[in-house]
Amino acid sequence: MPPTSSGQITVEKTPNYFVHRQVPARIHRMSPKTKLLLIVRDPSVTKKRSSKPFDKMACIDQNCTVIDTSWSAIKIGLYSKHVKRWLRYFPLQQIHIVSGERLITDPLEEIRQVERFLELRPFVRQDHFFYNSSKGFPCIMKPNHSTYHCLGKNKGRTHLPVSEITMNRLKAFYAPFNKRFYDIVGRTFDW
Numbered sequence: 001m002p003p004t005s006s007g008q009i010t011v012e013k014t015p016n017y018f019v020h021r022q023v024p025a026r027i028h029r030m031s032p033k034t035k036l037l038l039i040v041r042d043p044s045v046t047k048k049r050s051s052k053p054f055d056k057m058a059c060i061d062q063n064c065t066v067i068d069t070s071w072s073a074i075k076i077g078l079y080s081k082h083v084k085r086w087l088r089y090f091p092l093q094q095i096h097i098v099s100g101e102r103l104i105t106d107p108l109e110e111i112r113q114v115e116r117f118l119e120l121r122p123f124v125r126q127d128h129f130f131y132n133s134s135k136g137f138p139c140i141m142k143p144n145h146s147t148y149h150c151l152g153k154n155k156g157r158t159h160l161p162v163s164e165i166t167m168n169r170l171k172a173f174y175a176p177f178n179k180r181f182y183d184i185v186g187r188t189f190d191w
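All residue numbers for the sequence shown refer to full-length UniProt numbering, where the first residue is 1 and numbers rise by one.
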């Protein structure tokens, strides 16, 4: 982690930390008072790029009667399993769950919640955002309003097409895990 002086907050972003078994203990050893931000989206629509059709990767059989739970793109969406591991080291009060969907549709409110969680004075305003239609995500203006920052190249990309059958199977597969996740974090995301 880079050095941080008083009055500064260091943010480190690594999505794989959430699913890696050893990371919660390591971060806790390094800094037990760390505040964690977790951005989640409906796992049935969060997909990885692949040279193979998504249906063939996500399903064990041709009719998609069984989801391939060994595929990492499926495993990452088992939020209830992953967050339970983090809760062994960090209380829920140190973890703020950010809705990935609302970060797109209502970025100001999601960022305001992050500001409150991090105990920052309110700074971000609606005029700091503009919607980038080519990426499908909002971008944020720098404070001087002369430059802006959009999410990286791998965000807002076109995902592989998924058949309706596979999508329905994914939603059914994730439903009990999502329900457990909602119960654990005390918040519903309506996936």
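Glycine is no exception: its CB is placed at the ideal position from the N, C-alpha and C atoms. Please read all numbers here as calculations on a predicted model, not as lab measurements.
Taking all protein chains shown into account, do 16 or more other C-beta atoms lie within 10 angstroms of the C-beta of residue 193, making it buried, or fewer, making it exposed?
With the chain represented from 1 up to 191, any question about residue 193 goes unanswered, as that position is not in the structure.
What are the boundary residues of the beta strand (DSSP E) that includes residue 131?
Residues 129 to 132.
Going by DSSP, which residues form a beta bridge with residue 111?
Within the DSSP bridge table, the entry for residue 111 names no partner.
Could you tell me the distance, in whole angstroms, from the CA atom of residue 108 to the CA atom of residue 98?
Cα-Cα distance, rounded: 12 angstroms.
Taking Cβ to Cβ, would you say residue 24 is nearer than 9 angstroms to residue 88?
Less than 9 angstroms separates the beta-carbon of residue 24 from that of residue 88.
Tell me which same chain residues have a C-beta within less than 7 angstroms of the C-beta of residue 39, skipping the five on either side of it?
Excluding sequence neighbours, residue 39 sits near 98, 100, 103.
Taking Cβ to Cβ, would you say residue 151 is nearer than 9 angstroms to residue 95?
Their beta carbons are not under 9 angstroms apart, which means residue 151 does not touch residue 95 by this criterion.
For residue 20, which three-state DSSP category applies?
Looking at residue 20 - three-state DSSP - the assignment turns out to be coil, as it is neither helix nor strand.
What residues match up with residue 148 in a beta bridge as DSSP calls it?
Under DSSP, residue 148 takes part in a beta bridge, and its partners are 141.
Expected contact under 8 angstroms - CB spacing of residue 182 and residue 189 to nearest Å:
Under the criterion of beta carbons closer than 8 angstroms, residue 182 and residue 189 qualify as touching, at roughly 7 angstroms.
Candidates 20, 19, 33: closest to residue 9 by CA position
Checked all of 20, 19, 33; the closest Cα to residue 9 is 33.
Considering just the uninterrupted stretch of the alpha helix (DSSP H) at residue 72, what are its terminal residues?
From DSSP, the alpha helix (DSSP H) with residue 72 extends over 72 to 75.
Take residue 82 as the anchor and find which of 26, 30, 6, 17 has the nearest alpha-carbon.
For residue 82, the nearest C-alpha among the options comes from 17.
Buried or exposed for residue 77, going by 16 or more other Cβ atoms inside 10 Å?
In this structure residue 77 is buried. Its beta-carbon is surrounded by 16 or more other beta-carbon atoms within 10 angstroms.
Residue interval of the beta strand (DSSP E) (run including residue 45)
It is not in any beta strand (DSSP E) - residue 45 carries neither H nor E in the DSSP assignment.
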